[in-house]
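S.K.:
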Amino acid sequence: MNAEFIDALNEIEREKGIAKEVLIEAIEAALISGYKRNFNSAQNVRVDVNRFTGQVRVFARKEVVEEVLDPRLEISLEAAQEIDPNYRLEDIVEIEVTPRDFGRIAAQTAKQVVTQRIREAERGLIYSEFIEREDDIVTGVVQRQDARAYYIDLGKVEAVMPLTEKMPTDNFKPQDRIKAYIIKVEKTTKGPQIVVSRTHPGLLKRLFELEVPEIFDGVVEIKSVAREAGDRSKIAVHSINPEVDPVGACVGPKGMRVQAIVNELKGEKIDIVRWSEDPAEYVANALSPSKVVYVDVNAAEKVTRVIVPDYQLSLAIGKRGQNARLAAKLTGWKIDIKSESQAEQEGIAYPKTALNEETVDVDLQ
């Protein structure tokens, strides 16, 4: 090694942020192993790399003893004092044992160490960047697919999207650009592994934050999301400003905002409902687009009994129970739906005024 190598380490320190001293210490440690391996040495040695010239020197370290039992590790007091009269018993004497052709081994080892450390540092920087973006949206390019997953190029790193995390309507080809949600960032021996999803409810939430300025600014809050990816979703919103309609803000002019999200999610139907502190009103809104006549709340068991017009019963329940299931997920309340005829047969008394007539149905499909 030479001064040019030291200049290269200085450049790496500036560009990659890896301290030169850390690299040199790693090189010295690697050279000790290289010396012992290449020269069949069992000596206790120290390697010194000159911080300015790059010169490499190897020193055998020997303890000063009265009687030498292992000359590779020990030196007599008399021999030590021939080197320096100030040596005493139990001192450590360093004797240079640099092999003639050690420079070639040193250069090769140093290159390997520096390359490895740069790779580790870059992996660390990538991990630090993406661990902060966990639970956020990223845009990437589909690279390939195998029997288990899609592999998405995010620029600095490749993310994995297991097939279980793709929507039923997704059918990607290489070079397709997609948005996905980071669900997990892990350190592995091969570098950071980033797992992304297209089915996670967080993807829908982040898409609304990107499309709706009122949400980004904090005026409109997303209170809850329930999603059956690729088919239907419900999202509950609330405005901290009484003059801002949260549902209208999410729908956008002529439905443009929500339509952009529907397009990104390949036609997934989205119901945007108004959140309420009143469980009865909230459950009624969550059952949109069905009209609700009455909600009886059992707070102790967190169960609601909902009464809907006869002609709205199938709509309230939804295909294969989907509407009721999503409403229950959205609100966190169990929902028992009955028609007016059923309620009459069971002798249930209730007011005849619909609770959610102002709920906006934004199912665009």
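Going left to right, the sequence shown walks through residues -11 to 353 as the working numbering numbers them.
Note that beta-carbon positions come from the ideal geometry of N, C-alpha and C, so glycine has one too.
Along the chain, where does the beta strand (DSSP E) containing Tyr282 start, and where does it finish?
M.R.: Looking at the DSSP string, the run of the beta strand (DSSP E) that includes Tyr282 is 282 to 286.
S.K.: For Ile176, does the three-state DSSP call read helix, strand or coil?
M.R.: Note that residue 176 corresponds to Thr in the displayed sequence, not to Ile. Thr176 falls in the strand class under three-state DSSP.
S.K.: For a test of the three-state rule: what should DSSP assign to Gly243, helix, strand or coil?
M.R.: Looking at Gly243 - three-state DSSP - the assignment turns out to be helix.
S.K.: When you compare only the Cα positions, how much space is there between Ser227 and Val285?
M.R.: If I take the Cα positions, the gap works out to 24 Å.
S.K.: Roughly how many angstroms separate the alpha carbons of Ala109 and Asp205, rounded to a whole number?
M.R.: For Ala109 and Asp205, the distance between alpha carbons rounds to 36 Å.
S.K.: Residues in the same chain with beta-carbon distance under 6 Å from Arg2, minus the five sequence neighbours each way, listed in chain order, please.
M.R.: Taken in chain order, the list of residues that qualify is empty.
S.K.: Going by DSSP in three states, Glu197 sits in which element: helix, strand or coil?
M.R.: Three-state DSSP puts Glu197 in a helix.
S.K.: CB-CB under 7 Å to Leu151, same chain, minus the five flanking residues each way: which ones, in chain order?
M.R.: Around Leu151: Arg136, Ala137.
S.K.: Rounded to whole angstroms, what's the CA-CA distance from Tyr23 to Lys175? Just pull it up for me.
M.R.: Roughly 32 Å separates the two Cα atoms.
S.K.: For Arg165, which residues of its own chain have a beta-carbon under 6 Å away from its beta-carbon, when the five flanking residues on both sides are left out?
M.R.: Around Arg165: Val129.
S.K.: Using C-beta distances below 7 Å, list every residue in its chain close to Glu62, excluding the 5 sequence neighbours before and after it, in chain order.
M.R.: So the qualifying residues of the chain are Lys50, Glu51, Val53, Val56.
S.K.: Under 8 Å, do Ala18 and Val85 count as touching if we go by C-beta distance?
M.R.: Not closer than 8 Å, so no.
S.K.: Short check: CB of Val294 to CB of Leu275, under 8 Å?
M.R.: Contact: yes.
S.K.: Ends of the beta strand (DSSP E) at Thr127?
M.R.: Where Thr127 is concerned, the enclosing beta strand (DSSP E) stretches over 125 to 133.
S.K.: Lys4 by DSSP, collapsed to three states: which one?
M.R.: Helix.
S.K.: Please list, in chain order, all residues of the same chain as Val283 whose beta carbon is under 6 Å from its beta carbon, the five residues on each side excluded.
M.R.: Around Val283: Ala268, Val271, Ala272, Thr292, Val294.
S.K.: Work out the CA separation of Asn26 and Ile93 for me, nearest whole Å.
M.R.: Approximately 9 Å, taken between the alpha carbons.
S.K.: Classify Thr86 as helix, strand or coil using the three-state DSSP reduction.
M.R.: Thr86: coil per DSSP, three-state reduction.
S.K.: Using only CA atoms, which one of Glu252, Glu16, Val239, Pro162 lies nearest to Phe90?
M.R.: When only C-alpha atoms are compared, the closest one is Glu16.
S.K.: Do Ile170 and Val126 come within 8 Å of each other at the CB atom, strictly closer than that value?
M.R.: For Val126 and Ile170, yes; Cβs fall inside 8 Å.
S.K.: Are there 16 or more other CB atoms within 10 angstroms of the CB of Thr41, so buried, or fewer, so exposed?
M.R.: Exposed, because fewer than 16 other Cβ atoms sit within 10 Å of the Cβ of Thr41.
S.K.: Provide the residue span of the beta strand (DSSP E) that contains Lys50, from first to last.
M.R.: Lys50 -> beta strand (DSSP E) spans 44 to 53.
S.K.: DSSP puts Lys222 in a beta bridge; with which residues?
M.R.: Looking at the DSSP assignment, Lys222 forms a beta bridge with Ala214, Asp259.
S.K.: Report the option in Ser329, Ala217, Asp(-5), Lys290 whose CA atom is closest to the CA atom of Lys322.
M.R.: Checked all of Ser329, Ala217, Asp(-5), Lys290; the closest Cα to Lys322 is Lys290.
S.K.: Go ahead and pull the three-state DSSP assignment for Ser302.
M.R.: Of the three classes helix, strand and coil, the one that applies to Ser302 here is helix, per DSSP.
S.K.: Take Gln330 as the anchor and find which of Val239, Val296, Arg308, Arg262 has the nearest alpha-carbon.
M.R.: The shortest Cα separation from Gln330 among Val239, Val296, Arg308, Arg262 belongs to Val296.
S.K.: For the region 211 to 227 against the region 256 to 264, are there 3 or more C-beta pairs whose distance is under 8 Å?
M.R.: Yes: the two stretches touch, three or more of their Cβ pairs being nearer than 8 Å.
S.K.: Within 10 angstroms of the Cβ of Asn311, are there 16 or more other Cβ atoms? Answer buried if so, exposed if not.
M.R.: Buried, by the Cβ-count rule.
S.K.: Is it true that the CB of Val145 sits closer than 8 Å to the CB of Ile114?
M.R.: Yes, Cβ-Cβ distance for Ile114 and Val145 is below 8 Å.
S.K.: For Leu301, tell me which candidate among Ala288, Gly320, Leu318, Ile325 has the shortest Cα-Cα distance.
M.R.: Comparing Cα-Cα distances from Leu301 to each of Ala288, Gly320, Leu318, Ile325, the minimum goes to Ile325.
S.K.: According to DSSP, simplified to helix, strand and coil, what is Arg25?
M.R.: Helix at Arg25.
S.K.: Under 6 Å Cβ to Cβ from Thr319, same chain only, skipping five residues before and after it: list those, please.
M.R.: Closer than 6 Å at Cβ, skipping near neighbours: Tyr270, Val271, Ala274.
S.K.: If we count the other Cβ atoms within 10 Å of its Cβ and call it buried at 16 or more, is Leu195 buried or exposed?
M.R.: When all chains shown are included, Leu195 counts as buried.
S.K.: Determine which residues share a DSSP beta bridge with Arg165 and list them.
M.R.: Answer by DSSP bridge pairing, in chain order: Val129.
S.K.: If you draw a straight line from the C-alpha of Pro339 to the C-alpha of Tyr299, how long is it?
M.R.: Approximately 18 Å between the Cα atoms of the pair.
S.K.: By DSSP, does Gln181 sit in helix, in strand, or in coil?
M.R.: Here Gln181 sits in strand by DSSP.
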